[in-house]
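Asker:
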Amino acid sequence: MVRHTRLIILNTTKVGERFLVLHALSPDWGRRSFITSVPRGGGMSLFQPLSVLDAEVTENPKSELWRAHALSARHLLAGIRTSASKNAISLFMSEVLWRTVRDGVREDGLFEWLERSVLTLDALQGDYANYHLRFLLEFAAALGFSPSPEDLLPFAGTHLKELQALLQADFAACMLIPLNGEARNEIAEILLRYIGYHAETRIEARSLRVLRELFR
Numbered sequence: 008m009v010r011h012t013r014l015i016i017l018n019t020t021k022v023g024e025r026f027l028v029l030h031a032l033s034p035d036w037g038r039r040s041f042i043t044s045v046p047r048g049g050g051m052s053l054f055q056p057l058s059v060l061d062a063e064v065t066e067n068p069k070s071e072l073w074r075a076h077a078l079s080a081r082h083l084l085a086g087i088r089t090s091a092s093k094n095a096i097s098l099f100m101s102e103v104l105w106r107t108v109r110d111g112v113r114e115d116g117l118f119e120w121l122e123r124s125v126l127t128l129d130a131l132q133g134d135y136a137n138y139h140l141r142f143l144l145e146f147a148a149a150l151g152f153s154p155s156p157e158d159l160l161p162f163a164g165t166h167l168k169e170l171q172a173l174l175q176a177d178f179a180a181c182m183l184i185p186l187n188g189e190a191r192n193e194i195a196e197i198l199l200r201y202i203g204y205h206a207e208t209r210i211e212a213r214s215l216r217v218l219r220e221l222f223r
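Letter 42 of the sequence shown, counting from 1, is numbered 49 in this note's numbering, and no numbers are missing.
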């Protein structure tokens, strides 16, 4: 059975010279892995983290690894791919999702929320150094445990005031909250611990170090 779907790439694994396993989020199956052929002459740009693809998937009842083919970019994401800082944020976003959302788990609305988040990042101009913090707050809400200041209190340390400001601000105001790189990094770690606690996992986001250097 062949079905048309959309995929958001979280990570990939090369299998020999000819095949690639796509670890992706889909609206139909949640997080799932698919195998596809490596395009001739490279073409790996299609599979960068958070790429949003149209795809046809051939379901195979005898295998958990279904084949994805007829892949094409649904959105060009030029704003992300041509910006080092936006690209670093996208790597952080994909890593957090990769380490949090379990294979085979489907959360209602998670795909649609993530696609909107990717397009928002792609379109942003100017101040977006706080975007990954807003992303983590919205990710918690998308998973069903939207935090309040009281919820964050056991994790907040010395940053409860900044967390309250982030929670209370609308999107535009959230981007303008003055924070230095160290504070952003510590707040991101607080939010990762909060999400990890509720998701019952430990989230080690190595890409967070890059954001700390970029947004000092």
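Each residue gets a CB set at the ideal place from its N, CA and C atoms; glycine is no exception.
Tell me which residues share the same chain as residue 221 and place their Cβ nearer than 6 angstroms to its Cβ, disregarding the 5 neighbours each side in the sequence.
Answerer: By 1-based counting over the sequence shown, the position of residue 221 is 214. Result list for residue 221: 92, 95, in chain order.
Asker: Output the boundary residues of the beta strand (DSSP E) element that contains residue 74.
Answerer: Position 67 of the sequence shown, counted from the first residue, corresponds to residue 74. Segment 73-80, the beta strand (DSSP E) holding residue 74.
Asker: Which residue wins for smallest C-alpha separation from residue 125, given the options 64, 115, 55?
Answerer: In the sequence shown, counting from the first residue as 1, residue 125 sits at position 118. When only C-alpha atoms are compared, the closest one is 55.
Asker: Do you know how far the Cα of residue 212 is from the Cα of residue 102?
Answerer: Counted from its first residue, the sequence shown places residue 102 at position 95. Counted from its first residue, the sequence shown places residue 212 at position 205. So the alpha carbons of these two residues sit roughly 6 angstroms apart.
Asker: Using 8 angstroms as the cut-off, can you tell me whether the region 66-86 makes contact with the region 175-184, which would need three or more C-beta pairs spanning the two stretches below that distance?
Answerer: Contact between the region 66-86 and the region 175-184 is absent, because fewer than three Cβ pairs lie under 8 angstroms.
Asker: From the DSSP output, which residues share a beta bridge with residue 18?
Answerer: Within the sequence shown, numbered from 1, the residue matching residue 18 stands at position 11. Bridge partners of residue 18: 30.
Asker: What's the gap between the Cα of residue 197 and the Cα of residue 170?
Answerer: Along the sequence shown, read from residue 1 onward, the residue named residue 197 stands at position 190. Along the sequence shown, read from residue 1 onward, the residue named residue 170 stands at position 163. Each residue's Cα considered, the two are about 9 angstroms apart.
Asker: Is residue 21 near residue 27, with beta carbons less than 8 angstroms apart?
Answerer: Stepping through the sequence shown from its first residue, residue 21 is reached at position 14. Stepping through the sequence shown from its first residue, residue 27 is reached at position 20. Contact flag set, yes.
Asker: Could you tell me which residues DSSP pairs with residue 60 in its beta bridges?
Answerer: Start at 1 with the first residue of the sequence shown, and residue 60 comes out as number 53. The partner list for residue 60 (beta bridge, DSSP) reads 14, 80.
Asker: For residue 37 and residue 187, what's the separation of their Cα atoms in angstroms?
Answerer: The sequence position of residue 37 within the sequence shown is 30, counting from 1. The sequence position of residue 187 within the sequence shown is 180, counting from 1. Spanning the two alpha carbons is a distance of roughly 35 angstroms.
Asker: Between which two residues does the alpha helix (DSSP H) harbouring residue 127 extend?
Answerer: Translated into the one-based positions of the sequence shown, residue 127 becomes position 120. Start and end: 117-130.
Asker: Closest to residue 193 by CA distance: which of 146, 179, 137 is it?
Answerer: As a position in the sequence shown, residue 193 is number 186, starting the count at 1. Among 146, 179, 137, the Cα nearest to that of residue 193 belongs to 137.
Asker: Expressed to the nearest angstrom, what Euclidean distance is found between the alpha-carbon atoms of residue 23 and residue 51?
Answerer: For the purposes of this step, residue 23 is identified with residue 16 of the sequence shown, where counting begins at 1. For the purposes of this step, residue 51 is identified with residue 44 of the sequence shown, where counting begins at 1. The alpha-carbon atoms of residue 23 and residue 51 are separated by roughly 15 angstroms.
Asker: Can you tell me which of the three DSSP states residue 223 falls into?
Answerer: Against the sequence shown, residue 223 aligns to sequence position 216. In this structure, residue 223 counts as coil in the three-state DSSP scheme.
Asker: Are the beta-carbon atoms of residue 105 and residue 167 separated by less than 8 angstroms?
Answerer: Here residue 105 is taken as the residue at index 98 of the sequence shown, counted from 1. Here residue 167 is taken as the residue at index 160 of the sequence shown, counted from 1. Cβ distance not < 8 angstroms, so residue 105 and residue 167 don't count as in contact.
Asker: Nearest by alpha-carbon distance to residue 218: which of 172, 158, 203, 191 is it?
Answerer: Taking the sequence shown and counting its residues from 1, one reaches residue 218 at position 211. Closest option to residue 218, Cα to Cα, is 191.
Asker: Using a threshold of 8 angstroms, state whether the C-beta atoms of residue 64 and residue 41 are closer than that.
Answerer: In the sequence shown, counting from the first residue as 1, residue 64 sits at position 57. In the sequence shown, counting from the first residue as 1, residue 41 sits at position 34. Cβ atoms of residue 64 and residue 41: closer than 8 angstroms.
Asker: Residue 99: buried (16+ other C-beta within 10 angstroms of its C-beta) or exposed?
Answerer: Within the sequence shown, the letter at position 92 stands for residue 99. So residue 99 ends up on the buried side.
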